[in-house]
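Chemist: This note's numbering applies: residue 8 is where the sequence shown begins, and numbers increase by one. The structure is given below, and queries will be raised subsequently.
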Amino acid sequence: MSGSAAPLPEHAAHSYFHPPYITLAHLFHAPRLWGFPSRVLSSYQFQYVVEGAAEYTIEGRAIATRRGDLIYHAPAQAHGVRTFPDEKYVCISILFDFGGVPYPVEELLRPDRYVGNFAGHAVEQLLTRLIARYHQPGLANHAACQGLLMQMLSEVADYKQEQASQTTEQQKIKTKMVLIRNHIADHYDRDIKHAELEALSGLSRNYIIVKFRKAFGMTPFEYLTRVRIERAKELGILTNMSIGEIALRVGYADVHTFGRMFKRKTGASFSQFCSAMVT
8 MSGSAAPLPE
18 HAAHSYFHPP
28 YITLAHLFHA
38 PRLWGFPSRV
48 LSSYQFQYVV
58 EGAAEYTIEG
68 RAIATRRGDL
78 IYHAPAQAHG
88 VRTFPDEKYV
98 CISILFDFGG
108 VPYPVEELLR
118 PDRYVGNFAG
128 HAVEQLLTRL
138 IARYHQPGLA
148 NHAACQGLLM
158 QMLSEVADYK
168 QEQASQTTEQ
178 QKIKTKMVLI
188 RNHIADHYDR
198 DIKHAELEAL
208 SGLSRNYIIV
218 KFRKAFGMTP
228 FEYLTRVRIE
238 RAKELGILTN
248 MSIGEIALRV
258 GYADVHTFGR
268 MFKRKTGASF
278 SQFCSAMVT
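See below:
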């Protein structure tokens with residue numbers, strides 16, 4: 008590929024008056040066994056894992072991604088992806104470019120295509136807000152999307168700088184927090200105890216709570232509740248299971264305990280939430 012910038016997609020030119028040009032922003036639910044061996048794009052692309060798992064191959068390097076992981080591809084960079092037979096994959100995908108402006112994206116994000124884990128982080132919130140505004144018409148929404156993207160780039164750059172300055176010991180602790188988070192996400196449907204997390208990480212209960220909150224903005228069991236709520240919402244929308252069956256599926260033996268938890272955390276009863284989704 009030559010050093011010249013990729014041509015600006017025609018529809019982006021009509022939507023935006025200046026860079027960054029956002030050509031795609033959506034929540035993608037991958038079909039079963041979805042994937043492709045290799046492709047290149049003319050834009051930058053963010054892929055953020057909302058749920059499930061997938062393995063990306065970027066210029067020969069395999070990167071396993073799970074909930075909260077963010078990766079990016081550069082223009083003309085060969086990459087492929089595969090999902091797993093027993094796991095769904097839901098991701099936020101953002102395509103953008105700067106047209107003929109030599110904006111230093113690579114300098115901000117650094118060479119490693121795995122950016123980091125942003126579950127519960129401001130970056131996750133910015134991504135969610137961006138895809139919501141992207142599908143709304145009007146210049147105000149276009150401007151909001153551009154602002155959110157630039158804020159996200161700034162947040163990611165700050166995160167990468169912080170990571171680079173961490174000591175080896177701090178990096179080990181963060182890795183253990185990710186291990187705990189993934190363990191909770193994989194076993195949300197059963198009664199997880201603090202002792203189990205201590206045995207998994209080799210750290211004390213109080214230390215885990217402090218470091219997990221610092222890494223993800225919540226305690227391990229607040230995260231467990233969040234995962235259960237999101238899974239319950241999905242089951243309520245996509246299946247015909249009863250409230251009792253859903254409560255049991257997400258780790259609550261007592262449907263009343265589940266109902267109180269759901270209303271306390273969301274402000275609506277589970278039946279109200281399901282009714283609102285149907286209408």
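Think of the CB as a built atom: it goes at the ideal place given N, C-alpha and C, for glycine as much as any other residue.
Which first and last residues belong to the alpha helix (DSSP H) in which G266 is found?
Modeler: From DSSP, the alpha helix (DSSP H) with G266 extends over 262-273.
Chemist: Using the C-alpha atoms, what's the distance from H36 back to L115?
Modeler: Each residue's alpha carbon lies about 29 angstroms from the other.
Chemist: Within 10 angstroms of its Cβ, does S11 collect 16 or more other Cβ (buried), or is it exposed?
Modeler: Residue confidence is low: S11 scores 38 on pLDDT, short of 50, so the model does not pin down where it sits. Its coordinate-derived value is still stated next. S11 is exposed by the Cβ-count criterion.
Chemist: Going along the chain, which unbroken runs of the alpha helix (DSSP H) with 4 or more residues stay wholly within the segment 229-263?
Modeler: You should have 250-256.
Chemist: If we count Cβ pairs, one from each stretch, closer than 8 angstroms, do we get three or more for the segment 144-154 versus the segment 26-34?
Modeler: Contact holds: three or more Cβ-Cβ distances are below 8 angstroms.
Chemist: Which first and last residues belong to the beta strand (DSSP E) in which R39 is found?
Modeler: Counting along the chain, R39 falls outside any beta strand (DSSP E), and DSSP gives it neither H nor E.
Chemist: In the DSSP assignment, what residue or residues form a beta bridge with A69?
Modeler: DSSP, once it has assigned bridges, lists T64 as partnering A69.
Chemist: Going by C-alpha to C-alpha distance, which of E241, A85, S211 sits closest to P227?
Modeler: Comparing Cα positions, the closest option is S211.
Chemist: Under 7 angstroms Cβ to Cβ from P118, same chain only, skipping five residues before and after it: list those, please.
Modeler: Around P118: no qualifying Cβ.
Chemist: Leaving out five residues on either side along the sequence, give the residues of the same chain with a beta carbon under 6 angstroms from the beta carbon of S276.
Modeler: Excluding sequence neighbours, S276 sits near K270.
Chemist: Within 10 Å of its beta-carbon, does G258 have 16 or more other beta-carbons around it, so buried, or fewer, so exposed?
Modeler: Looking at its Cβ environment, which holds 16 or more other Cβ atoms inside 10 Å, G258 is buried.
Chemist: Suppose contacts are defined by Cβ-Cβ distances below 8 angstroms. Is I78 in contact with V122 by that definition?
Modeler: Closer than 8 angstroms, so yes.
Chemist: For the segment 137-150 against the segment 235-245, do three or more pairs of beta-carbon atoms, one drawn from each stretch, fall closer than 8 angstroms, so that the two count as touching?
Modeler: Contact between the segment 137-150 and the segment 235-245 is absent, because fewer than three Cβ pairs lie under 8 angstroms.
Chemist: Output the residue ranges of the beta strand (DSSP E) runs that lie fully inside the segment 57-128 and measure 3 residues or longer, sorted by chain position.
Modeler: Counting whole runs of 3 or more residues, the segment 57-128 contains the beta strand (DSSP E) stretches 68-73, 76-80, 86-90, 96-104, 121-124.
Chemist: Which residues share a DSSP beta bridge with L210?
Modeler: Partner(s): none; L210 has no beta bridge.
Chemist: Among D193, A192, I216, N189, which residue has its Cα nearest to the Cα of H201?
Modeler: When each option's Cα is compared against that of H201, the closest is I216.
Chemist: Using 7 angstroms as the cut-off, classify the Cβ of S161 as near or not near the heavy atoms of the ligand SAH, replying yes or no.
Modeler: What this structure holds is no ligand at all, so the ligand SAH is not there to describe.
Chemist: On the DSSP bridge assignment, give the partners of R31 in chain order.
Modeler: For clarity, residue 31 is Leu in the given sequence; the question names Arg instead. DSSP, once it has assigned bridges, lists L102 as partnering L31.
Chemist: For H142, is the classification buried or exposed, using 16 other Cβ atoms within 10 angstroms of its Cβ as the cut-off for buried?
Modeler: Counting Cβ neighbours within 10 Å, H142 comes out exposed, since fewer than 16 surround it.
Chemist: For I187 and L204, what's the separation of their Cα atoms in angstroms?
Modeler: Rounded to the nearest angstrom, the two C-alpha atoms are 7 angstroms apart.
Chemist: Determine which residues share a DSSP beta bridge with R46 and list them.
Modeler: DSSP lists H86 as partners of R46.
Chemist: The alpha helix (DSSP H) with H149 in it runs from where to where?
Modeler: Residues 146-172.
Chemist: Determine, using beta carbons only, whether T232 and M268 come nearer to each other than 8 angstroms.
Modeler: Yes; because the gap between Cβ atoms is below 8 angstroms, this pair is in contact.
Chemist: Using DSSP with H/G/I as helix, E/B as strand and the rest coil, what is Y141?
Modeler: In the structure shown, Y141 sits in a helix (DSSP, three-state: H, G or I).
Chemist: Have a look at R68, V97, A71, R256 and flag the residue whose alpha-carbon is nearest the alpha-carbon of V56.
Modeler: It is V97.
Chemist: Out of I199, F91, S45, D76, which one is the CA nearest neighbour of V185?
Modeler: Among I199, F91, S45, D76, the Cα nearest to that of V185 is on D76.
Chemist: Considering only C-alpha positions, which residue in the set V88, E94, A81, T90 is nearest to F103?
Modeler: If we check each option's Cα against that of F103, A81 comes out closest.
Chemist: Expressed to the nearest angstrom, what Euclidean distance is found between the alpha-carbon atoms of A164 and Y110?
Modeler: The alpha-carbon atoms of A164 and Y110 are separated by roughly 14 angstroms.
Chemist: May I ask which residues mark the beginning and end of the alpha helix (DSSP H) holding R188?
Modeler: Residues 175-193.
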